[in-house]
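Student: The structure under discussion is supplied below as structure tokens; questions concerning it will follow.
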Amino acid sequence: MVFKIALHLLLVLLPFIFVPFNSNNSCSNYLSYLFISFSSDCYHNPDVNDNITNIIQRHTNSLETHQVQTEDGYILNLFRIRRENPRGVIFFQHGVIDDARCWVNQYNDSVAFLFWRAGYDVWLGNNRGNLYAKKHVTWKPSDGEFWNFSLLEVGYYDLDASVEYIKTTTSEGKIIYVGLSMGATTGLIYASMRPAKSFESLQIMISIAPCTHFMYATDSIVKYIAPLSDIMQRYNKYTGIYSFARNDGLPLKFFRLFHQFFPFKKYLVYLLSVCFGWTPDEMDPNYANLMVSHYGSETSIKIIVHFYQMYCQHRFQAYDYGEVKNMEVYGSKRPFLFPLKKIKLPVYMVYSDSDIFSYYKDNEVVYNDLPEEVTMYGKLVVKGLNHVDYLYGKHRNQRLFNKILRLLDSL
Ligand SMILES: *[C@@H]1O[C@H](CO)[C@@H](O)[C@H](O)[C@H]1NC(C)=O
Ligand SMILES: *[C@@H]1O[C@H](CO)[C@@H](O)[C@H](O)[C@H]1NC(C)=O
Ligand SMILES: *[C@@H]1O[C@H](CO)[C@@H](O)[C@H](O)[C@H]1NC(C)=O
Ligand SMILES: *[C@@H]1O[C@H](CO)[C@@H](O)[C@H](O)[C@H]1NC(C)=O
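Okay, structure coming up:
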């Protein structure tokens with residue numbers, strides 16, 4: 024019996040024996056992670072576990088940090104990678120449970136640096152509540168009121184304040200907006216709820232894989248993940264916890280530490296592939312630890328529940344408070360749909376045939392809902408990238424970002 028237990032323990036711990044605590048934390052091959060101290064393609068990547076300002080300084084030496092206050096009192100940090108006499112000003116907005124780090128999280132080949140090297144003045148936004156947006160004029164993150172926001176407030180207030188700030192600070196004319204996942208969702212909310220203002224301030228909105236009404240994504244993993252948000256909401260009612268993925272929380276810290284030393288990185292890729300689209304060979308092994316060391320930034324439970332409601336009701340709509348409260352807040356029993364038909368600025372939609380989270384059939388519906396003149400540049404349907412590969416896939420530049428650079432050149 025004791026022998027058996029010892030054997031099992033050994034089997035579980037074996038991988039860790041091969042991964043001594045050395046400074047090498049990245050490899051260009053998944054198998055090499057098993058023998059990280061002996062493999063010749065492993066190296067020390069200083070960006071793993073480093074903070075965003077150090078990362079940007081290291082690769083560009085051109086960092087500025089700005090603060091902007093929204094109409095409803097949140098104070099957000101904007102990171103700028105400055106370029107004099109730029110080809111254009113570009114504003115990147117991250118996805119859900121994430122922050123500006125996602126754009127500088129692919130070492131020297133990061134998306135933000137790609138556009139900066141191409142001559143753009145690059146700005147990275149942050150949603151209220153995340154690691155770089157934890158201040159409010161009256162509330163603290165420990166107050167429930169601080170976390171009382173849905174996708175609507177992020178789109179309507181955060182994006183508006185950030186865009187206006189960037190426009191005034193740069194005085195370079197109209198701005199290019201690039202939103203990924205929830206950044207694309209809130210971008211559509213901003214453009215539809217403030218059609219005139221967004222048309223004045225933005226040259227084009229590049230909307231990469233938005234999550235909206237989930238009409239067709241019901242066959243995917245979303246079916247199994249979505250109900251969890253309902254459990255979360257109940258849990259929050261009992262415990263008074265209003266946010267999700269606390270940056271200083273133990274679960275996130277433990278996961279990061281565990282992953283950094285866990286040698287079978289391919290398991291992570293399989294897991295991501297099951298959740299976001301089966302492309303297990305696409306994710307670049309160099310970015311495995313980099314991604315895990317930075318992904319995860321606090322957001323409100325209300326945001327997660329808002330996504331869940333859109334999934335259940337198949338409507339790209341405002342937060343649903345229930346009939347009685349809806350009457351009070353919106354003046355109607357059901358929450359209003361975001362008025363895509365009102366959008367005036369050009370929208371360039373990008374989505375992938377292999378993304379089961381932001382499903383291509385759902386995006387076709389959104390594309391067809393947009394007014395004709397708004398889609399004057401058409402759309403880009405990428406092949407073979409799942410929801411995570413837009414940032415960490417081996418072919419993301421070739422199939423996605425180089426094409427966006429070319430489109431911007433032609434404007
Ligand atoms: C890191 O990997 C290199 C090979 O790329 C190796 O020469 C070096 O000894 C490794 N460093 C440690 C601390 O294991
Ligand atoms: C990152 O770390 C450096 C010290 O290494 C510190 O000066 C800087 O303020 C940190 N940046 C952020 C955004 O926390
Ligand atoms: C990134 O760094 C690696 C290793 O130093 C180098 O081979 C590669 O060309 C660099 N990539 C870019 C885009 O600068
Ligand atoms: C949250 O915001 C909504 C709408 O803005 C408001 O009706 C509601 O009372 C707020 N809830 C709390 C707990 O502050």
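First residue of the sequence shown: 24, per the numbering used here; consecutive thereafter. Each residue gets a CB set at the ideal place from its N, CA and C atoms; glycine is no exception.
#1: Measuring from the CB of Tyr130, is there a heavy atom of ligand 3 at a distance below 8 Å?
#2: Rounded to the nearest angstrom, what separates Ser185 and Arg103 at their Cα positions?
#3: In chain order, what residues place their C-beta within less than 6 Å of a heavy atom belonging to ligand 2?
#4: In chain order, what residues of the same chain lie with their CB nearer than 6 Å to the CB of Gln226, ignoring the 5 residues before and after it?
#5: Buried or exposed, going by whether 16 or more other CB atoms sit within 10 Å of the CB of Gln421?
#6: So, with DSSP's three-state summary, where would you put His67?
#7: Evaluate Tyr265 with the Cβ neighbour count: other Cβ atoms within 10 Å of its Cβ, from every protein chain shown; 16 or more gives buried, anything less gives exposed.
#8: Roughly how many whole angstroms lie between the Cα atoms of Ser63 and Asn52?
#9: Tell whether a beta-carbon distance below 9 Å holds between Lys364 and Ser230.
#10: Measuring CB atoms only, is the segment 367 to 381 touching the segment 278 to 295, in the sense that at least three cross pairs come out at less than 8 Å?
#11: Starting from His159, follow its DSSP beta bridges and name the residues at the other end.
#12: How would you call Ser194, buried or exposed, if buried means at least 16 neighbouring beta carbons within 10 angstroms?
#13: Quick one: Cα of Val405 to Cα of Arg419, how far?
#14: Helix, strand or coil for Leu154 per DSSP?
#15: What are the partner residues of Leu360, as DSSP defines its beta bridges?
#16: I need the boundaries of the alpha helix (DSSP H) containing Gln80, first residue and last residue.
#17: Note down, one range per segment and in chain order, each beta strand (DSSP E) of at least 3 residues found wholly within the segment 187 to 233.
#18: Using only CA atoms, which one of Asn77, Arg269 and Phe61 lies nearest to Tyr318?
#19: Would you mind giving the Cβ-Cβ distance between Gln90 and Ile78, rounded to the nearest angstrom? I have them listed as a contact below 8 Å.
#20: How long is the line joining the alpha carbons of His474 and Glu168, rounded to whole angstroms?
#21: CA-CA distance, Trp170 and Gln116?
Tutor: Let me spell this out:
#1: yes
#2: 12 Å
#3: Close to ligand 2, as judged by a C-beta nearer than 6 Å to any of its heavy atoms, are the residues Asn74, Ile75, Thr76 and Asn77, in chain order.
#4: Lys197 and Ile199
#5: By the 10 Å Cβ count, Gln421 comes out exposed.
#6: coil
#7: Result: buried.
#8: 10 Å
#9: no
#10: Flag = no, the segment 367 to 381 and the segment 278 to 295 do not touch.
#11: Tyr97
#12: exposed
#13: 9 Å
#14: coil
#15: Gln340
#16: Ile75 to Thr83
#17: 198 to 203 and 225 to 231
#18: Arg269
#19: Wrong, their Cβ atoms sit about 19 Å apart, outside the cutoff.
#20: The chain is shown from 24 up to 434; residue 474 falls before or after that span and cannot be answered.
#21: 20 Å
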